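Down below is the structure, laid out as structure tokens.
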Amino acid sequence: MSAQAPRGVEPQDGGRPGRRIMGLETEFGILAPGLPELSPTQLSAAVVTAMVEVAQELGSRGAGAPWDYVHERPLQDARGFEQERATADPSQLTNEGAVLDARQIALEDGDAWAALKSEQDVLMNLVLGNGARFYVDHAHPEYSSPETSNAWDAMTWDLAGDRLASRAAELAGQRLGTEVLLHKNNTDGKGQSYGAHENYLVPRALPFDSLVDGLTPFFVTRQVICGAGRVGLGRRGERPGFQLSQRGDFFENRVGLETTIRRPLINTRDEPHADDARFRRLHVIIGDANLFPASTLIRAGSTSLVLRLIEDGLAPRITLADPVGDLQRVSHDPGLGATLVADGGRRLTALDIQELYLGAAERHYGDPEDAEREALRLWRRCVDLLRAGDPAAGHWVEWRGKLSLMERYRERGLAWDDPKLALVDLQWADLRPGKGLANALLQRGQAAGMVGEGEVEAALTTPPSDTRAWTRGRTLTRFPEAVVAANWDSLSLSLDCLPQLVRVGLPDPWQGTQALTQGLFEPGARVQELIKSLRGL
Amino acid sequence: MQGQKSGWEQSKVHENEALSAIKHNRDAGVDNLLDEIDGLLETNAEQFVKGYVQKGGQ
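Top to bottom, those sequences are chains L and W.
Take 75 as the starting number for the first sequence in the working numbering and just add one per residue.
Take 139 as the starting number for the second sequence in the working numbering and just add one per residue.
Take a look at the structure:
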């Protein structure tokens, strides 16, 4: 195999080939119909605050440890420069956002809110015992999964996040005296969008241009295999119809730093949250949040496989004439017949392009021991079923499953602009138990559940064992009183016997694993031993 | 390698069986499913949809 680009992101411990550090972020839509006077930021804070009790009931922890912003650089561009702060949109300053949000909350008020505030401290940011972060991101609660080493685990800890968030919303609703609804979607159908981001670790030595070239045709067409589906065309859903993706209508640029305005296909935010001489964190903002676990698995797994193709110099070479326009063209084409103009006048459908990437991944990474074996198999199955026009694809591919449900209503005479179809689209993503329609299909076996019940429940409280998330989550659960602040790549601990805080770094996401921290979290273990060991990293 | 190959073939067979089961279930339960889904839906669709307003995010 030609290895033109240095890999450098895999651990050197002889584990399964194809592992990659990755993590998923979900910004939930939030609504309390019974308390319209509360701002979404206040509601989000109520949900984040309730999470502490949810975690404790699970025998886990959610500590209100302040997030440590010292290493966050939202204006650092992967192309090798930094945007000036004065030219940035305020929403880009994510390293300052929590402070603004907290102040905003203090200024606003209301009876239910006053009651909640008097009972306990309102928290804006938590680190959870499963290694995740749960916090208020502007006007939405956000779950950022712990670092995982493969797409299967990414799917599992993403599902865990949905459950945790759902329970916290339920409890927040009890405290506020009215129901709080969370939706795992990406648009309100009124012109606003919020994200479900993916993060993949890639070697710093890989030129960013090769990522842009290799990923663009893949990202434009990836919605075919994992879009969440949406009723309405255009940002406000101003034209009736159905489209593949939630997010497709919200992108305007090919490459750029912004995530809230002028959104680009390829985001250049360059904060590795790790040793930046070795690693780059690819921040992917183009995806939809998925309720179907299989779609999450394919989304993360196919992307990791395509990154390997790029790293190894094996990615298909396709140049689209109009990638931003093509993103919408593909999204607005549930029949999958639209052709895109590629280099030399070649005309390719979205499925043709997916097939080129899939075929290359199968040729090079078809090893049954590979970390992405399941994702690769499912990717193939879905491409074949979609190509055959077989609606059974909707068992795994979320937009296709949603479209099948919509088609049944359409057979009963509903038009695309009927409010009932818009409601089905919204309630598809409702996280309340017994209310969400995607979850109803999953429970009735109409869509593939993928992960066993026990596996998901374990992920509510346990971090992935093979990344540094293990140390973050286990430290919080075992030594909650010692954790003063946390970040992806560090922990700040306080000890009674020491006058100052001890800040320990976790610059390598492959360190701090269960195997490398044997005994440090056992009953009777002391935090001093942990610090001593982490300082050696 | 031989053993692994047959494992793959076997999983292919399981997949095909699973697929036909999926198709059968789908065709059989269409009306029931729609009735069940209808039972879950918010009562006033128009009002709920109109009230669903979010602030922009990332």
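Don't be surprised by glycine CBs; every beta carbon is placed ideally from N, CA and C.
Quick caveat: nothing in here was measured; it's all calculated off a predicted structure.
- Listed in chain order, the non-local C-beta contacts of L:L594 below 7 Å within the same chain comprise E603, L604, S607, local neighbours out to five positions each way being set aside.
- Residue state for L:P291 is assigned as helix, using DSSP reduced to three classes.
- Judged by beta-carbon spacing, L:L289 lies beyond the 9 Å limit of W:V187, meaning their Cβ atoms are not closer than that value.
- DSSP, reduced to helix, strand and coil, places L:I340 within a strand of the structure shown.
- For L:R421, the enclosing beta strand (DSSP E) starts and ends at 421-423.
- Between L:D344 and L:D151, the C-beta spacing is below 9 Å.
- Only those residues of the region 351-385 of chain L whose C-beta falls short of 8 Å from the nearest C-beta of chain W are listed: I359.
- The residue among L:A129, L:V329, L:T261 with its C-alpha nearest the C-alpha of L:V201 is L:A129.
- At a cut-off of 9 Å between C-beta atoms, W:E155 does not count as an interface residue with respect to chain L.
- L:L356: member of the beta strand (DSSP E) spanning 353-358, first to last residue.
- In the DSSP assignment, L:P397 falls within the unbroken alpha helix (DSSP H) covering 397-405.
- Contact annotation for L:D211 against chain W: G195, Q196 [CB-CB distance below 8 Å, chain order].
- A distance below 9 Å separates the beta carbons of L:H257 and L:D504.
- Rounded to whole angstroms, L:G598 and L:T535 show a C-alpha spacing of 20 Å.
- Runs of the beta strand (DSSP E) spanning 3 or more residues and lying entirely within the region 256-289 of chain L occur at 270-277, in chain order.
- For the 9 Å CB-CB criterion, L:Q320 and W:Q192 do not form a contact.
- When DSSP states are grouped into helix, strand and coil, L:P91 belongs to the coil group.
- Of the other Cβ atoms in all chains shown, fewer than 16 fall within 10 Å of the Cβ of L:C571; this residue is therefore exposed.
- Across the structure, L:V398 and L:L383 are spaced so that their CA atoms are roughly 23 Å apart.
- Short of 7 Å from the beta carbon of L:G523, and not among the five residues preceding or following it, lie these beta carbons of its own chain, in chain order: P367, L516.
- Judged by DSSP in its simplified three-state form, L:D492 adopts coil rather than helix or strand.
- Between L:E472 and L:D396, the C-beta spacing is not below 9 Å.
- Note: L:T413 is bridge-paired with L:T423 in the DSSP secondary-structure output.
- The Cβ of L:K258 sits no closer than 9 Å to any Cβ of chain W.
- In the pairwise beta carbon analysis, the region 224-231 of chain L is classified as not touching the region 240-247 of chain L: fewer than three pairs are separated by under 8 Å.
- Under the three-state reduction of DSSP output, L:A348 falls in the coil class, being neither helix nor strand.
- Beta-bridge annotation (DSSP): L:Q317 is paired with L:R304.
- Proximity to L:R461 across L:D492, L:V298, L:A559, L:H214 peaks at L:V298, based on C-alpha coordinates.
- A check of alpha carbon separations from L:S223 across L:T541, L:E596, L:A106 identifies L:T541 as the nearest.
- Chain W places a beta carbon closer than 9 Å to that of L:E101, counting this residue as a contact.
- Within its own chain, the residues whose Cβ lies closer than 7 Å to the Cβ of L:I372, once the five positions on either side in sequence are excluded, are I299, C300, A449, L452, W453, C456, listed in chain order.
- Check the Cα spacing between W:G189 and each of L:K264, L:A543, L:G409: the tightest is with L:K264.
- For L:D441, the three-state secondary structure derived from DSSP is coil.
- Taken in chain order, the whole alpha helix (DSSP H) runs of length 4 or more contained in the region 479-562 of chain L are 493-502, 511-517, 527-535, 543-552.
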